[in-house]
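S.K.: One structure, pasted below without further comment.
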Amino acid sequence: MNNVEYKRKSRFVVIVVVIIFLFFSAFIYYQSLFQPVTTKSDVAEKIIYIPNGYSTSQIAKLLKENNLIRNERFFIWRAKVLGADGKLQAGKYLLSPNMTTDQIIKKIFAGKAQIDTVKVTIPEGYTLKDIATKLSRLGLVNKDKFLEIAQNDTFDYDFLKDVPKDRPNRLEGYLFPDTYFIPVNADEKEIINIMLKRFQEVYNSTIKNNAKNVGMTPDQIVIIASIVEKEAAIDSDRPMIAGVIYNRLKKNMKLQLCPTVVYALGIHKDVLSYKDLQVDSPYNTYQHYGLPIGPICNPGLKSIEAALFPTKHDFYYYVAKKDGSHIFSITYEEHLKAQKEIEAIENNNTK
């Protein structure tokens, strides 16, 4: 074989390899378009409103903007293949990035999948901003409008009468964590009222007649409960931590609780610096005596019950172990010893 023929064959082999590579790459990409945007199970569903008169391409653009499909052109082509082009129906649909393009097309084409309510679970310890963010991602509210209404609108509930209207995040603590079935047509204020009415039930059954037994107003109970919610990972520790808070308040000690600083900072931090502890805020219990100016999250029932029925003990300090439980101490010296014991255990476990 002469040199020219060898080069020609080599060039041919390279071209064939490239063509095969491109073919398989295109095939893999084509196959990926049939797959959902994500396979994660914890991804949130979204309410998508398709207006009357929307074309298939407009619907494809809307779905792509909401990260529900991988490719607009593929969606349009599949709609034609499935006989749904120009026949996709207007309305509100609950869609998920876990759904394939074909599943989404069939759901909108059927038109029977339009929904009246959306199931939403608000976890214990969510802040007002966390709730607004979640509802916004579900397509139920405008986040900024939700927060503005929560702060400035009028809500007629007994438990809010003693809450200062100029308190930052005025409804913090009062949007009760629970599972709700929210009407898709509900506006921001209606949704807030749904959650406040649920808190009203808890207030009437649990808080109203018990707050005075521990010398607190209902608002102070919610503030304490919000701190307990952020501090406790184990239910049995909740009344113990509440007891520490009451002991410190009675002795006129600063509470010096890190979650209040995190709330004051407005960003989550696992480890606080000395500078963080100096933040000038009425929520910072390292800088101010007594309770913070308001709740630092929306507490669940177990934390509220802990604030109403704290364990009576002589502890003034506690430190968290890696498993989320706490070691409680009477004196600061015992507290430092407990901290060193935990550090030693963690250092040994990392070796």
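Residue numbering for the sequence shown follows the working numbering, beginning at 57 and increasing consecutively.
The beta-carbon is built from N, C-alpha and C at its ideal position, and this holds for glycine as well.
Keep in mind it's a predicted model, so treat the numbers as computed, not measured.
1. Are the segment 194-206 and the segment 241-258 touching, with three or more C-beta to C-beta distances below 8 Å?
2. For Pro239, does the three-state DSSP call read helix, strand or coil?
3. For Tyr182, report the span of its beta strand (DSSP E) as first-last.
4. Counting pairs of Cβ atoms below 8 Å between the segment 355-373 and the segment 338-345, do you hit three or more?
5. Report the option in Asn127, Tyr319, Lys120, Ala400 whose CA atom is closest to the CA atom of Ser337.
6. Could you name the residues of the same chain whose beta carbon sits closer than 8 Å to that of Ile161, not counting the 5 residues immediately before and after it, in chain order?
7. What residues match up with Lys175 in a beta bridge as DSSP calls it?
8. For my contact list, Gly195 and Ile115 are in at a C-beta cut-off of 8 Å; report their separation, rounded to the angstrom.
9. Alpha carbon to alpha carbon, how far is Gly229 from Phe215? Give it in angstroms, no decimals.
10. Would the segment 205-212 and the segment 254-266 be scored as touching if the rule is three or more Cβ pairs under 8 Å?
11. Considering only residues of the same chain and omitting the five flanking positions on each side of Thr173, which have a CB-CB separation below 8 Å?
12. In its own chain, which residues sit with a C-beta less than 7 Å from the C-beta of Arg223, not counting the 5 before and 5 after it?
13. With a cut-off of 8 Å on the beta carbons, I'd call Ala146 and Asn108 a contact; round off their distance for me.
14. Sort out for me which residues DSSP pairs Leu203 with in a bridge.
15. Leaving out five residues before and five after Asn308 in sequence, what residues of the same chain have Cβ atoms less than 7 Å from its Cβ?
16. Here's the rule: buried if 16 or more other CB atoms are within 10 angstroms of the residue's CB, otherwise exposed. What is Asn340?
17. Check Ser337 in the structure and name its three-state DSSP category.
18. Would you call the segment 293-312 in contact with the segment 268-284, where contact means no fewer than 3 C-beta pairs closer than 8 Å?
19. Which residues share a DSSP beta bridge with Ser152?
20. Anyone know if the C-beta pair for Ala288 and Ile279 falls short of 8 Å?
21. How is Phe365 classed by DSSP in three states: helix, strand or coil?
22. Helix, strand or coil, according to DSSP, for Ile247 in the structure here?
23. From Ile178, Leu328, Ala267, pick the residue whose C-alpha is nearest to that of Leu252; which is it?
24. Could you give the residue range of the beta strand (DSSP E) that holds Tyr342?
25. Tell me the DSSP secondary structure of His391 in three-state form.
26. Using the rule of at least 16 other Cβ atoms within 10 Å of the residue's Cβ for burial, across every protein chain shown, is Asn354 buried or exposed?
27. List the endpoints of the continuous alpha helix (DSSP H) containing Ile161.
28. Taking only three categories from DSSP, how would you classify Gly7?
29. Would you kindly work out how many angstroms separate the C-alpha atoms of Ile164 and Ile247, rounded to a whole number?
30. Tell me the residue span of the beta strand (DSSP E) that contains Phe131.
31. Since Val270 and Leu364 should fall inside the 8 Å C-beta cutoff, what is the C-beta to C-beta distance between them, to a whole number of angstroms?
32. Tyr373 by DSSP, collapsed to three states: which one?
33. Tell me the start and end of each unbroken alpha helix (DSSP H) in the segment 247-305 that is at least 4 residues and wholly inside, in chain order.
34. Measuring CB to CB, does Val99 end up less than 8 Å from Leu124?
35. Looking at the strands, I want to know which residues DSSP matches up with Ile104.
36. Consult DSSP for Ser359 and reduce its assignment to one of helix, strand or coil.
M.R.: Based on what the coordinates show:
1. yes
2. In the structure shown, Pro239 sits in a strand (DSSP, three-state: E or B).
3. Looking at the DSSP string, Tyr182 is not in any beta strand (DSSP E), and its letter there is neither H nor E.
4. no
5. Checked all of Asn127, Tyr319, Lys120, Ala400; the closest Cα to Ser337 is Tyr319.
6. Phe131, Arg134, Ala135, Leu138, Ala140, Leu144.
7. Phe237
8. 15 Å between Cβ atoms; not a contact.
9. 11 Å
10. no
11. Phe237, Ile238, Pro239, Val240
12. Ile349, Gly350
13. So it is a contact: roughly 4 Å between Cβ atoms.
14. Its beta-bridge partners do not exist; DSSP assigns none.
15. Tyr345
16. buried
17. coil
18. Yes: at least three Cβ pairs fall under 8 Å.
19. In DSSP, Ser152 forms no bridge with anything.
20. no
21. coil
22. helix
23. Ile178
24. From DSSP, Tyr342 is part of no beta strand (DSSP E); its letter is neither H nor E.
25. helix
26. buried
27. For Ile161, the uninterrupted alpha helix (DSSP H) run begins and ends at 157-166, by DSSP.
28. This structure gives no information on residue 7, because the portion of the chain shown stretches from 57 to 407.
29. 26 Å
30. Counting along the chain, Phe131 falls outside any beta strand (DSSP E), though it belongs to the alpha helix (DSSP H) covering 128-137.
31. 6 Å
32. In the structure shown, Tyr373 sits in a strand (DSSP, three-state: E or B).
33. Secondary structure within the segment 247-305: the alpha helix (DSSP H) runs of 4 or more consecutive residues, fully enclosed, are 274-287 (chain order).
34. Cβ distance not < 8 Å, so Val99 and Leu124 don't count as in contact.
35. Tyr149
36. helix
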